[in-house]
Amino acid sequence: MIGSQSLLSWTFACYGAGAVACLLLRPARRLSVLAGHLGILAGAVLGAALALRVLLRPSAPVEAELPQLLPFVRMSLRLDPLSAFFLLVICLVGAAAAIYGPAYLASHGGAKGGSVRGTVQTVALALFVASMALLVCAADVFSFLFFWEAMTLASWALVVSETDDGEGTRAGLLYVVMAHAGTALLLVAFLVLAERAQAFDFAALRAAGRCLDDSTRTVLFFLALAGFGGKAGVVPLHVWLPRAHPAAPSHVSALMSGVMLKVAIYGIVRFGFDLLAPAAGPLPPAWGWTVLALGTASAVLGILYALQQHDLKRLLAFSSVENVGIILMGLGLAMRLARTGSALSGLATLALAGALLHAANHAAFKGLLFLGAGSVLSRTHERSMERLGGLARRMPWTAWLFLLGAAAIAALPPLNGFVSEWMTFQALLLGGVRLGGSPGLAAAFAASMLALTGGLAAACFVKAFGVTFLGRPRSAHTEKATESPLSMRLGMGLLAAVCLAVGLFPGGVVRLLDGPVRVLIAGPEPSRALTVRGPLVLSSGSAPIGSSISVTGSAALLLAIFAVGAVVFAWPRAAGRRLAPTWTCGVSPQSRFDYTATAFAKPLRLVFAALYRPRRELVRGEGSTTYFLTGLRYAGEVVDLAETVLYARVKHAVATLSRGVRARSTGRIHGYIGYVLLALLATLLLYGRS
Amino acid sequence: MSSPLATALIDYLGALLLFTMIVILGSSQLYRTIYAVAAQSAFLAAAAAVLAIATRNLDLWVIAGITIVVKAVLLPWLLIGVVRRIGVKREIEPVVPTLLTLAIAAGTVVLSFQLAASLGAVRQTVTGNALPVGVALTLLGVLVMASRKTALAQMVGLFACENGIFFTAIAVSQGMPLIIEIGVLLDVVLGALVMGIFVLRVRSSVDADIADLSRLRA
Amino acid sequence: MPGAEAVLPALAQAALLVLLGPLVSGVIQKLKARLQCRAGASVAQPYRDLAKLLRKGTVQSDTASAFYRAIPPLVLAAVVCAAAMVPVVVLPAAGGFTLGDAILLVGLLALARFLTALGALDAGGAFGGMGASREMTVAPLVEPVLLLVVFSVATAAGTTDLGLIAARRASDPAVWHSPDLLALAAMLVLLLAETGRIPVDNPDTHLELTMIHEGMLLEQSGPGLAAMALASHTKQLVMMAVVGALFFPIGLAPRPEPLLLVPAALAFLGKTAVLALFVGLVESSYAKLRFFRLPQFLGMGFLCAFLALALRVL
Amino acid sequence: MEASLLWLLPAVPALTALTVLAVRSPRRLAVIDLMASLAVFLLALRLGWSVVQHGPVRSGLLGADAVSVVFVLLVGLLVAAVSVYTLGWMPRELAHRGIRESRLRLYYALVHGFVATMLLTVLSDNLGLLWIAMEGTTITSAVLVGFHGHRYGLEAAWKYIIVTTIGISFGLFGTILVYAAAAHAQGGALRALSYQAIAAVASQLDPGIVRIGFIFVLIGYGTKVGLAPMHMWLPDAHSQAPSPVSALLSGALIKCALFGIIRFHTIARGACGPEPSGTLLLAFGLVSVVVATPFILAQRDFKRLLGYHSVEHVGIVALGLGFGGPVGTYAALLHVVNHGVTKALVFFVAGDTISRYRTRNMHAIRGLIGIAPFAGTMLLCGAFSLAGVPPFSIFVSELLVVRAGLGGGHYLAVGVFLLMVAVIFAGLVHHAGAMAFGAAPAGADRSPSRLSPLVGMALLGAVMLLLGVFIPPGLDGLLRRATEIVLG
């Protein structure tokens, strides 16, 4: 049994070794990529083991001192249960991506790229995963910011290196710029705190945070919220996300959408509940409400925009915005309820546990979905769902795994998505009852919006799966598609297994949340609060108030009934089963008859037209009359309000301003001299007199 | 020679320096400005000499001598040489209207006197009105450079500006250390040479006044 | 098995709902026929249809995937499972093992809907897609309403467990407040939508322009279709049972004893009959709404439900 | 020994300048150039070592303390890198007739004269000598700026020499005022201009006159530094000079001018307390950062872009000095080094790029990574470093500057600064990304570049990365002592 210390160092040694090996073996391209991913896998496994150990055995947290490089900061790592929980999430998806990666790069990335790209992407991936893992372990400001930026840069490299066209580059630009702006805010928040603490390490910051005055505390929190929110893709700071995430290689998209957003969530949690928490008493109520409102907006808008996407990966990216919103709802409620007294602290625990669990769940199923989309992409080289279809018969494994993910993200029982959303529902509802008045109303409204989100998510993923995998293939590539190699399926299978496990045995998983919750709020531990009626039953609060479900039980029942039904209906009969073409009013069916993504989403597009501002144009063919069409071309799109309303205007304003300023400056030397003279006179006038 | 007399003389010379500067500012004739700056340098040398007598400081004699040689003779001669070479037209058309320039100049002088007035204790160290005059001369020199179109006028302005500095240096504390003074003069001469070369090269390559080029912008 | 005494009643009630489901449909059909001055088919007709379908063979679309065959039993299983969460005649033992609450019920119904829509898309062709698209447009507008209604009642009871809610409300009728009227209104709107009735959907037609639910079943045949039909019958009754449990928890037996069960069963039949009557009347006295008018109709329900919740909380 | 080092350092390049005038063959010229530069570098290191070991060194008009050593080391490093780079750059330049072979020795002579004057500037203990040397740098570098001889070069050179000479004259005026104050305080002769002597008695100087003196010096030397609004000559000059010279101008020269300001800053702090000089530096620093931003955003010319970036970064240094305190001053000095190294590196890349694409219009430069992978990578790294992203050096110094600002409670200034930095980051990454990625135009020169430019870039790139993740204890100690000296 090796000690946690060495386990920690070994974890990151593996990542480093992977990157180095990949660089060394560069001439042998396949081998180098493989070596790199092996390193990542090893690191992920060790990291997961370490995280589990810290989570299950609440002993003293693991600490490690990094070599002191810069004279004025001492960099150190500290693995408390909260960090461990997020480290577990990172390592989980990281492992899946590492298993999945080599085959994907070989079949897709390598096809266009050549050896350089493969190597670059592998190294960048190793750095990416490692920096995320280090980030959640960071125990001082400098290393936090350092790994934060390293994470951004590595993912940026992965985004821009994937394609040669300008698209990836533009997406990367938008991404890195917004990330950097966020970092600037974080910088201020951190450094103000560090100034108060006169030190860089989190322990001192925590101590300083205890004795802040409320206004400063709130200002700092909102700075941090904006900084992290940008990275987490909170509306309206989300515009970079649906561009950058799809542009990366699919297993990297899985990491970016599934994990990187969670790292931002980690930041919010760390700041809100830990560093900035007052010594005693509740957190400022404004925090909780703001986070709740942002979460609600992100959830609804995210899924609404996801519904209208035709690019599979873009759709998934938008749905990440939705899920971050759901997580924030739980967090917001927990912030509002935490430490407000015994009656509500149980609910705070419930909400926080729901949020954290949903963070983990989203990592699992969003990772799974992105990997699935990746294998579709690598097999068909098609990203637009309009030209996919009928893949369920051609790549069954991918299809069923994707379906599992889709059902999970649509919060359908008995999968993990349902569990965490149920917890959030319960928290919102009971919280609303307990709070009463307008706060309660806000919670209730959030609950209703969450319900709406759930319904829309179901619609969205019926579309995603149905249009992509069912019906007939709508392009030649898709026609010839074949199942993806074993390693890719294994990568997906790992995450699918997690979705099932968390869904079927939530009681067991809740134990993992005890540590983090204990660190964050002084409430009852989730495993006590949530599994009062035995491990198979999930309860919100204790009876009579509160309700409970047994996903396990109902799943068993579901299975049993299904078995019975299957036997009955599949019983051999006199008139057996035969195949026949689908009924299309007598015409022999073609793939053009199938419903496309655009068609599927049209009703909702019209229902929410006020939000979408849909643009459609019909182009009639040459020489067509009202009654006789020679040809008809339809083009339509949906605009992202935030983009058009906010960003376009700001960008335009800045551009105009700078052009104006440039136009002002004539290159005449007299002007130059004049400015010097003016500066001197002005300064003398202002500062000359003593 | 007694110190009060020296102070008076310095003040008179300062007035003369200012007068010459105003001539440079106001005149639109290139030759006239060059002669004016030469005269200015002569007055400067005189001031140095006066102080030399007053303080029996040998260095100041040397400085006076160098000033006469370099600033009153060498540099004007160089300028006139350049003017002859390129046959620049005698008139200098100003960038800023001359009257406005003069108004600004008046304001500058007032400002510099006010500034000096605000420094109580130090004024004792400085002989007479040398400090405000020096400030004014320096600023006005730059004003000339900012308000004149031709390169040569700008060079004239630069020399005038440096005269102001030297005057201050002399008056404030019997001149800077000698070798520093010499080094400074050396730099002035070198700079003047380089500028002259530039002017000539631009004339020969593109037939334009170098101070008029404004292709590089923003 | 922990709490078998709690699970067995649930299963029994679910079985009851499954068995009675077709009957309710038959009754409604009979009622409509009468209102239209027709003799109409007997109330047992749905049973006959099911039996017929079960005997028939299957014709499956050649483009459908392997998953296609598994869909009907899965849908049925989901609905039956949902049925097990509703107290029909017996109240659950307090603090006992509970299978699930209203949210799980909604989730299971959503699962059924999800699978149905996928089955419709699987066959390919325009009708299935159209049905799925419309169904998934209506669903997001319906589910929140159901949840809101449940919440508005749940705030009174402090739990989302239907059994506990019913028990709570049965114990003291004073819990009946003005918000419940709004909630009930929303629930009735919802009932029509969820059971695919006019004015939301028209169960009797196969015109591609009007149908929603039927459109999704076009490619189903034989036993598969039977399963789907049974599922929708059951779902309809489940919704009615939910209405009963939420708003009229009268006569529910506190313990599974014969003496208590009989009146409870009668009470349940009475409630169901009333609701069936309501549905039948609405169906025969209203016209189907244009599809794109539905959001307003359902929005109305949403508003009622939200107001009910708001009044409860405030 | 140390005393002789002081004379040796400027003397080596000065003598080299004279000797190369007598040499004709390009090859031999290059070799002499390289030798001399390496010698300068080694001497600088030796001087730095001895100062770190035994404290300040003085002899006559020259002197070296920790502050000047920081600048000497920077100059030495850049000179060496530039010579290495020039080895491979010059032949291509000759081929593209950028420089005529007949004037080659003049070029080398001027470069070394330039270096000599720079070293003299930072090594002079006498404020008058400092002024003389700085004017010397103006004259030598002005000729280099105009070296190409086409009208743009000459225009830039004229603007450069005129504007900076004016500035320098103000600097002289300020020097004289301070001298007057000092003379008043301790009626002395030659020693009155010695920095050490003045700094020693700084507390007794008359605050009023020192304040005015500092204003003149700040505006004057600030013109040479390129602080807005006196910066306008800078993009012209730095963009028109030959690339290695641009690297020296941006990397080293403006830092030497900064050295002058720092000296007077110390005196002013002594005389009138930290308030006036700090506030002025803060104001001008902020103005520079703000003014540079729009020009960086809407810029087409690669080298002008870099010029405006120099404006921004001297602004950041001024901010650091203005925020004051140990942290701010340390950050400012560190930033001097970091920006010098990074900017020189990027100018190297620019030189290579421009000679490949035969244009400096950034809209016409595409796909550099494709045709010159190393240079392209260096471009990206340099751009990110300039934008203040870890793990590159400038991140560290900017972090410290911000920290100092927040520590001093200058929230508004920090806010504006961070906003501008974010906007500039956007512009810079946009430009760099567009140049690095995409498909290169057909006309571009795809030949593999020579070794020596790559070595030059690699040298600076390594330093840039190293200082981003690790500050050697020696350098740290040096900077700390320098901070103490600056704060008086």
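Residue numbers (the numbering used here), protein chains in the order written: chain D, 212 to 901; chain G, 223 to 440; chain F, 13 to 326; chain R, 848 to 1335.
Even for Gly, the Cβ is constructed at its ideal location relative to N, Cα and C.
With a threshold of 16 other CB atoms inside 10 Å of the CB of residue i, please say whether the residue is buried or exposed.
| i | result |
| --- | --- |
| residue 376 (chain D) | exposed |
| residue 1006 (chain R) | buried |
| residue 828 (chain D) | exposed |
| residue 252 (chain D) | buried |
| residue 147 (chain F) | buried |
| residue 519 (chain D) | buried |
| residue 49 (chain F) | exposed |
| residue 367 (chain D) | buried |
| residue 492 (chain D) | exposed |
| residue 321 (chain D) | With a pLDDT of 47 at residue 321 (chain D), under the threshold of 50, the modelled position of this residue cannot be trusted; read the value that follows with caution. Its Cβ being crowded by 16 or more others within 10 Å, residue 321 (chain D) is buried. |
| residue 1120 (chain R) | exposed |
| residue 1041 (chain R) | buried |
Identify, in the order they occur along the chain, each residue of the same chain with its Cβ nearer than 8 Å to the Cβ of residue i, setting aside the five sequence neighbours on each side.
| i | result |
| --- | --- |
| residue 311 (chain F) | 153 |
Compute the beta-carbon to beta-carbon distance between residue i and residue j, rounded to the nearest angstrom, for a pair I have assumed lies under 8 Å.
| i | j | result |
| --- | --- | --- |
| residue 385 (chain D) | residue 404 (chain D) | No, residue 385 (chain D) and residue 404 (chain D) are not in contact; Cβ-Cβ is about 29 Å, not under 8 Å. |
| residue 295 (chain D) | residue 256 (chain D) | That pair is no contact at about 15 Å. |
| residue 1099 (chain R) | residue 1229 (chain R) | Wrong, their Cβ atoms sit about 17 Å apart, outside the cutoff. |
| residue 90 (chain F) | residue 63 (chain F) | Contact flag wrong, Cβ pair sits at about 23 Å. |
| residue 368 (chain G) | residue 884 (chain D) | 4 Å |
Using C-beta distances below 7 Å, list every residue in its chain close to residue i, excluding the 5 sequence neighbours before and after it, in chain order.
| i | result |
| --- | --- |
| residue 94 (chain F) | 117, 120, 121 and 250 |
| residue 216 (chain D) | 273 and 275 |
| residue 414 (chain G) | 297, 300 and 377 |
| residue 902 (chain D) | Nothing in the structure corresponds to residue 902 (chain D), since chain D is present only between 212 and 901. |
| residue 343 (chain D) | 301, 362, 470, 471 and 474 |
| residue 1124 (chain R) | 1061, 1112, 1115 and 1116 |
Within this structure, are the beta carbons of residue i and residue j separated by less than 9 Å?
| i | j | result |
| --- | --- | --- |
| residue 70 (chain F) | residue 227 (chain F) | no |
| residue 895 (chain R) | residue 868 (chain R) | no |
| residue 1169 (chain R) | residue 1129 (chain R) | yes |
| residue 1296 (chain R) | residue 1222 (chain R) | yes |
| residue 912 (chain R) | residue 1332 (chain R) | yes |
| residue 529 (chain D) | residue 452 (chain D) | yes |
| residue 732 (chain D) | residue 563 (chain D) | yes |
| residue 992 (chain R) | residue 929 (chain R) | no |
Spatial neighbours of residue i within its chain, please: C-beta separation below 6 Å, excluding the five flanking residues on both sides.
| i | result |
| --- | --- |
| residue 1272 (chain R) | 1234 |
| residue 942 (chain R) | none |
Stretch pair the segment 264-276 of chain D + the segment 287-294 of chain D: three plus CB contacts closer than 8 Å
yes
Are three or more beta carbon pairs between the segment 82-94 of chain F and the segment 430-438 of chain G nearer than 8 Å?
no
Stretch pair the segment 482-492 of chain D + the segment 298-316 of chain D: three plus CB contacts closer than 8 Å:
no
Quick check: the segment 584-600 of chain D against the segment 538-547 of chain D, are at least 3 beta-carbon pairs closer than 8 Å?
no
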